[in-house]
Amino acid sequence: MARFIKKKKQEIGLSPDDLLFRGKQKINEVILRIIDFDENTLEEDALRIVKDVLKYTEKDTVTWLNVDGLHNAAVMKEIADTFDLDTLVLAEVMHTQARPRVLEYDNCILISVKMMQQNEDTGQITVENLSLILTSSVLISFQEKRGDVFEPVRERIRKQKKRIRHGGTDYLAFALLDIVIDNYLYVLSVLGEKIETLEDNLLINPNEKVINEINKYKRELNFLRKSIKPAKEMIFVLAKMESEFINESTYVHFKELEDNISQANEVSDSYREILSDQLNIYHTTISSKLNDVMKFLTVFSVIFIPLTFIAGIYGTNFDVLPELHYKYSYFIMLSVMVIVALGMLYYFKRNKWL
Numbered sequence: 513m514a515r516f517i518k519k520k521k522q523e524i525g526l527s528p529d530d531l532l533f534r535g536k537q538k539i540n541e542v543i544l545r546i547i548d549f550d551e552n553t554l555e556e557d558a559l560r561i562v563k564d565v566l567k568y569t570e571k572d573t574v575t576w577l578n579v580d581g582l583h584n585a586a587v588m589k590e591i592a593d594t595f596d597l598d599t600l601v602l603a604e605v606m607h608t609q610a611r612p613r614v615l616e617y618d619n620c621i622l623i624s625v626k627m628m629q630q631n632e633d634t635g636q637i638t639v640e641n642l643s644l645i646l647t648s649s650v651l652i653s654f655q656e657k658r659g660d661v662f663e664p665v666r667e668r669i670r671k672q673k674k675r676i677r678h679g680g681t682d683y684l685a686f687a688l689l690d691i692v693i694d695n696y697l698y699v700l701s702v703l704g705e706k707i708e709t710l711e712d713n714l715l716i717n718p719n720e721k722v723i724n725e726i727n728k729y730k731r732e733l734n735f736l737r738k739s740i741k742p743a744k745e746m747i748f749v750l751a752k753m754e755s756e757f758i759n760e761s762t763y764v765h766f767k768e769l770e771d772n773i774s775q776a777n778e779v780s781d782s783y784r785e786i787l788s789d790q791l792n793i794y795h796t797t798i799s800s801k802l803n804d805v806m807k808f809l810t811v812f813s814v815i816f817i818p819l820t821f822i823a824g825i826y827g828t829n830f831d832v833l834p835e836l837h838y839k840y841s842y843f844i845m846l847s848v849m850v851i852v853a854l855g856m857l858y859y860f861k862r863n864k865w866l
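For any residue, its number in this note's numbering is found by taking its place in the sequence shown, counting from 1, and adding 512.
The structure is reproduced here in structure tokens:
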């Protein structure tokens with residue numbers, strides 16, 4: 513299955529505000545979780561229906577509604593009605609293959625970004641779409657499946673960390689985006705260790721396995737860059753956006769995001785160059801080994817071609833040929849031929865020419 517673009521024919525020509533899930537369903541039921549807090553109070557709960565959130569929005573607190581699962585159009589319509597959002601906003605949320613971007617509407621800001629995670633057991637890198645709807649008092653986060661990637665933020669809220677408990681929804685959005693970008697750097701660092709180890713193996717033993725590893729890491733890096741590059745553009749737009757939903761004091765934190773995403777982008781570019789250099793080193797090393805082989809074979813040929821030429825002219829048609837009448841001459845000749853052939857193969861194998 514294609515990892516870079518997945519477009520279905522039935523999606524062509526649809527209205528932009530159609531609540532149609534575009535992506536792969538990763539969870540059976542939509543899960544609604546709420547965290548409502550201010551400087552002194554904290555409430556956490558799992559909601560049965562979206563309208564249950566209204567009792568929190570009536571208070572002067574920060575409300576964080578997390579939605580796991582984007583496939584249910586009815587739930588999305590209920591969210592749009594409850595928070596008086598344009599269905600175009602929720603249609604963008606349900607489009608999981610959309611490019612990361614930030615869009616400002618009359619009563620909210622929509623932030624879309626790709627979120628990376630690496631399985632600690634298998635090492636597989638997974639990417640899912642994260643959408644944030646930012647209003648003055650409510651932040652709605654949308655994930656394709658339930659995960660614990662934002663658990664550090666929840667812990668900071670539970671432990672009454674002053675900055676996040678005194679901040680608004682804009683600072684909460686920053687905290688979530690900061691987790692996403694930190695994961696970019698973590699995934700790149702893990703991949704970078706493998707690439708650097710590969711470079712050591714390349715110098716010691718350049719073989720077909722190494723070139724396959726290089727090509728595999730190039731594909732992985734290209735896949736990651738497809739998410740990191742647009743995320744950088746989105747963060748830079750967000751940091752320069754003048755909006756009533758973002759407090760002046762929060763912009764300094766968005767500047768931190770600019771630095772972090774720029775670092776992730778530079779790291780990905782560096783590893784891309786390293787892989788290209790490794791590919792060049794591999795081809796150079798293989799060419800050098802091939803030249804050594806050709807040099808040996810050339811010397812070998814130069815020595816034996818004259819001997820073959822002389823034998824071709826004179827043959828072995830001499831009156832005195834001791835081996836001619838020896839009973840085992842034929843078998844000795846075959847044995848010598850086999851020994852020479854095996855000796856040559858062993859020599860080539862020892863020098864890693866085969």
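For glycine and all other residues, C-beta sits at the position ideal for the given N, C-alpha and C.
Listed in chain order, the alpha helix (DSSP H) elements of length 4 or more contained wholly in the segment 590-619 are 599-606. For GLU656, the closest C-alpha among the options GLY535, LEU769, GLY635 is that of GLY535.
Taking C-alpha positions only, TYR838 is separated from SER847 by approximately 15 Å. Taking C-beta atoms as the reference points, THR647 and PHE757 count as a pair closer than 8 Å. When rounded, the separation of the alpha-carbon atoms in ASP598 and ALA586 is 14 Å. When secondary structure is reduced to three states using DSSP, LYS626 falls in the strand class.
When secondary structure is reduced to three states using DSSP, GLU756 falls in the coil class, being assigned neither helix nor strand. Boundaries of the beta strand (DSSP E) around LEU642: 637-646.
Under the three-pair Cβ rule at 8 Å, the segment 661-673 does not count as touching the segment 731-742. From the listed residues ASP580, LEU689, ASN727, the smallest Cα separation to MET628 is found for LEU689. Contact check for LEU703 and TYR683: beta-carbon distance about 31 Å, past the 8 Å limit, so the pair fails to qualify. Around the beta carbon of ILE851, a 10 Å sphere encloses fewer than 16 other beta carbons of the protein chains shown; the residue is thus reported as exposed.
ASN803 counts as exposed, since fewer than 16 other beta carbons sit within 10 angstroms of its beta carbon.
If you draw a straight line from the Cα of ASN863 to the Cα of ASN792, it is about 22 Å long. The Cβ neighbour count for ASP618, taken over all protein chains shown within 10 Å, is under 16; the residue is labelled exposed. Judged by beta-carbon spacing, ARG658 lies within the 8 Å limit of ILE543, meaning their Cβ atoms are closer than that value. For ILE547, the enclosing beta strand (DSSP E) covers residues 543-549.
Inclusion of ILE621 and SER755 in the CB contact set at 8 Å is warranted, their separation being smaller than that value. Secondary structure note for THR709: its alpha helix (DSSP H) is the uninterrupted segment 681-716. Between the alpha carbons of LEU769 and SER799 lies a gap of roughly 45 Å. Sixteen is the threshold: since fewer than 16 other Cβ atoms of the shown chains lie within 10 Å of the Cβ of TYR858, the residue is exposed.
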